[in-house]
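Quick notes on the structure that follows.
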Amino acid sequence: MSAASLPAGEPRAIPTAFAIAEALRIAMASDPDVILMGEDVAGGGLRPEGTEEIGGIMSVTRGLVGQFPDRVLDTPISEMGILGAAVGAAVTGLRPVIELMFIDFLGTCLDPLLNQASKFRYMFGGKARVPLTVRTVTGAGLQAAAQHSQSLYWMTAGIPGLKTVIPSNAADAKGLLLAAIRCDDPVVFCEPKGILFVASDVPEGDYEVPIGRAKVVRRGSDVSLVGMGATVGMALAAAADLERDGVSAEVLDLRSLAPLDEDAILETLGRTGRLVVVDEATPRCSIASDVAALCVDRGFDLLNAPVRRVTAAMCPVPFTRVLEEAYMPSPARIVEAARALL
Amino acid sequence: MTRPPTTEVLQVAYRTMRTIRSFEEALVALVTQGRLGGFLHTYVGQEAIAAAVCAHLGEHDHVASTHRGHGHCIAKGVDVRGMMAELFGRRTGTCGGRGGSMHIADLGKGMLGANGIVGAGIPLATGAALTAKLKRTGGVAVAFFGDGASNQGAFHESLNMAANWSLPAVYVCENNGWGEFTPTAFVVPVKDIAERARAYAMHALIADGMDFFDVYAQAGEAIARARGGAGPSLLECKTYRFLGHYVGDPLVYRAKHEADDWIRHRDPLRLFEARVTREGLLTESNLRAIDVDVAALVADAVARAQDAPFPDAGELLHGVFATSDAEGAR
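This is how it looks when you write it as structure tokens:
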């Protein structure tokens, strides 16, 4: 089934991938300047009769080209060319959405983000608008190994002038993507592998989740578990475990990594006095380290215990299952870290 | 076939070339006197290319430029006083003092920016051409770049995409014989950069970049093709960088007679002047009157820039994002 064939009407549980497709469809229908570019996003203009387009590596965009034939553009495998052209298109009147198949491929095309899109507004004296969205798949867990499993959002979040968002569920994915596409700044929209095919309730119609706002997804009083993307689900599972032991855990979903909702982090720390931050990325120069530094810097008086970081290991992502599991954060490791603070 | 340039076109072109030359001669003097800092790359010797290409462009056409971008900015109509103030880091600069020499841009004039990254303007122009095609603006996008940039992946990826999509783009390679401090022939196996167009089934042209009339004719053909829907072209202009890679370049790496020969025999302004006076297209007094105007403009630009205020340090975080200035800190 493609996203195109979903019934309209009641709120329904749909996979994140379908929620993303809904957002794209709404954005394109409501603004003729929105275009979609990437490798196989249309799925081949020369398909033999009787075959279906693939709609990108995760089939997220399947069916869109039929509705918007001039605005869904298959590109060559030329990430530098695609990203660079998207920046040029964005500053001249289009609102491009780019599919960068995996965030690992930033290595082939960093310049348009690092030195062009992120800098134009500031560098040109506040006069440029760069309404560009880069959708990209992040994270481990599918045995995709070292070059297709990284969580490099710390790189883009560390570049001034770029926004980086990462949803943890289908409803936020739809709302954050609509906000990203309509934002006049360049936004990196992360699609964690761990949530792409997980279904959850998604409202009908057109709505936006504001960029830069974290959300408390579970109330608690003993310890705060701060997650992002797929680690929010891990934190919720850990919170359920801790509950059985009589420990009340609050879970904060960052949703936006840049800008970072510092107030929400300090507020949850204020309620619990203890904080574990869970990040699917490697620990050095990470969002987890940023959050820990924030707690010490601006929240020292709120702390009743050290801040703990639960992250991936500081090594390339391994292929074989046993090592990949050891590499990634998990509910068990979160529970262990939280217990150590009590 | 491009029609020969009218008297008006020739007057504008000479004013553009003379403005670029005078603007940059002033910069060199200011740096020598210790009155101006930053990394400056001069366009002296290459003026005919920007002037001739931009003579075919309007405000709805876009250009993307390079680290050697002053000439493209001036030819595309960016205000010279604003540019000078930018180089002085003043609030009145084209970019409010935030960009500097390598980042002067004026999107309202269709100028997508000088660029500090070699080759980075090529995909930007490709994207501007995509906008023109999808939105049917009738516009054309031109990427100016050097021979060095034609060795970057961005060049090859962009030419492939532009040819494949038949975009209204013109890729103008200013082959000045040197990539920073390395001779082009040392790092490029093809005789002409234009040969690289064949790999992308793209129309290719070669012009004498010191001859305004030749560049004007060839660029006219390439731009007319693009505007008419016949797709992109690669136009190689053979030229020479008179003053080295940057202001202050000790020039130890190239033979003095090489530059002297070009400067003595192939100066684009002197070649232009000789031809227009010989053929009676413009008079000596026309040209001298423009010289006087331009000298006054550049002197005024320097005087105003020096007197203009700097931005306030309190504005450091302004303009990082379109959506909220306060977010710059986070």
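Just so you know, the protein sequences line up as chains A and B, in that order. Residue numbering for the first sequence is 186 to 527, as defined by the working numbering. Residue numbering for the second sequence is 3 to 332, as defined by the working numbering. We put the beta carbon where it would ideally sit given N, CA and C, even for glycine. On a predicted model such as this, the values are computed, not experimentally measured, just so you know.
For residue 353 (chain A) versus residue 398 (chain A), is the C-beta distance shorter than 8 Å? no
Per the DSSP calculation, residue 210 (chain B) is bridged to which residue(s)? B:240
According to DSSP, is residue 386 (chain A) part of a helix, a strand, or is it coil? strand
Looking at the C-beta of residue 314 (chain B), does it have a partner C-beta in chain A at a distance below 8 Å? no
Less than 8 Å between CB atoms is the rule here; does residue 375 (chain A) satisfy it with respect to chain B? no
Chain-ordered residues of the segment 211-229 of chain A with a beta carbon less than 8 Å from chain B: 218, 220
From the DSSP secondary-structure annotation, give me the bridge partner or partners of residue 281 (chain A). A:220
What does the Cβ neighbour count give for residue 514 (chain A), buried or exposed, with the cut at 16 atoms within 10 Å? buried
Which whole runs of the beta strand (DSSP E) in the segment 139-222 of chain B are 3 residues long or more, in chain order? 143-148, 171-177, 205-210
Excluding the 5 residues flanking residue 270 (chain B) on each side, which residues of the same chain have their C-beta closer than 6 Å to its C-beta? 49, 50, 212
For residue 201 (chain A) and residue 387 (chain A), the rounded distance between their alpha carbons: 9 Å
Between residue 315 (chain A) and residue 109 (chain B), is the Cβ-Cβ spacing less than 8 Å? no
Classify residue 319 (chain A) as helix, strand or coil using the three-state DSSP reduction. strand
I want to verify the contact list: residues of chain A whose CB lies under 7 Å from the CB of residue 101 (chain B), in sequence order. 308, 309, 310
Cross-chain neighbours of residue 368 (chain A) in chain B, by beta carbon under 7 Å: 325
Please return the same chain residues whose Cβ sits closer than 7 Å to the Cβ of residue 293 (chain B), not counting the five positions on each side in sequence. 20
Based on the DSSP secondary-structure assignment, which residues constitute the bridge partners of residue 161 (chain A)? Residue 161 (chain A) is absent from the model: chain A starts at 186 and stops at 527.
Give me the subset of the segment 452-466 of chain A whose CB atoms are less than 9 Å from a CB atom of chain B, sorted by chain position. none
What residue from A:382, A:358, A:250, A:389 has the CA that sits closest to residue 374 (chain A)'s CA? A:358
Is there a Cβ of chain A sitting closer than 8 Å to that of residue 128 (chain B), yes or no? yes
Write down the C-beta distance between residue 272 (chain A) and residue 129 (chain B) rounded to the nearest angstrom, noting that I regard them as a contact closer than 8 Å. 6 Å
Tell me whether residue 193 (chain B) is buried or exposed, calling it buried when 16 or more other Cβ atoms sit within 10 Å of its Cβ. exposed
So if DSSP puts residue 373 (chain B) in a beta bridge, which residue, or which two residues, is it bridged to? Because chain B is modelled from 3 through 332, residue 373 (chain B) falls outside the range shown and cannot be assessed.
Name the DSSP beta bridge partners of residue 443 (chain A), please? A:349
Taking 8 Å as the threshold (beta carbon to beta carbon), is residue 280 (chain A) in contact with chain B? no
Test: residue 259 (chain A) CB closer than 8 Å to a CB of chain B: no
Would you call the CB atoms of residue 221 (chain B) and residue 55 (chain B) closer than 8 Å? yes
At a CB distance below 9 Å, what residues from the segment 108-133 of chain B approach chain A? Give them in sequence order. 108, 109, 110, 112, 114, 115, 117, 118, 119, 121, 122, 123, 124, 125, 126, 127, 128, 129, 130, 131, 132, 133
Let me check one thing: in DSSP terms, what residues is residue 516 (chain A) bridge-paired to? Answer by DSSP bridge pairing: none, since residue 516 (chain A) is not bridged.
Less than 8 Å between the CB atoms is what I'm expecting for residue 222 (chain A) and residue 258 (chain A), so what's the real figure, rounded? 5 Å
Would you check if the distance between the CB atom of residue 348 (chain A) and the CB atom of residue 322 (chain A) is smaller than 8 Å? no
Residue 465 (chain A) by DSSP, collapsed to three states: which one? coil
Does the CB of residue 204 (chain B) have a neighbour CB from chain A at under 8 Å? no
Using a Cβ cut-off of 8 Å, which residues of the segment 475-494 of chain A contact any Cβ in chain B, in chain order? none
Status (buried if at least 16 other CB within 10 Å, exposed otherwise) for residue 16 (chain B): buried
So with CB distances below 9 Å, who are the chain B contacts of residue 271 (chain A)? 125, 129, 132
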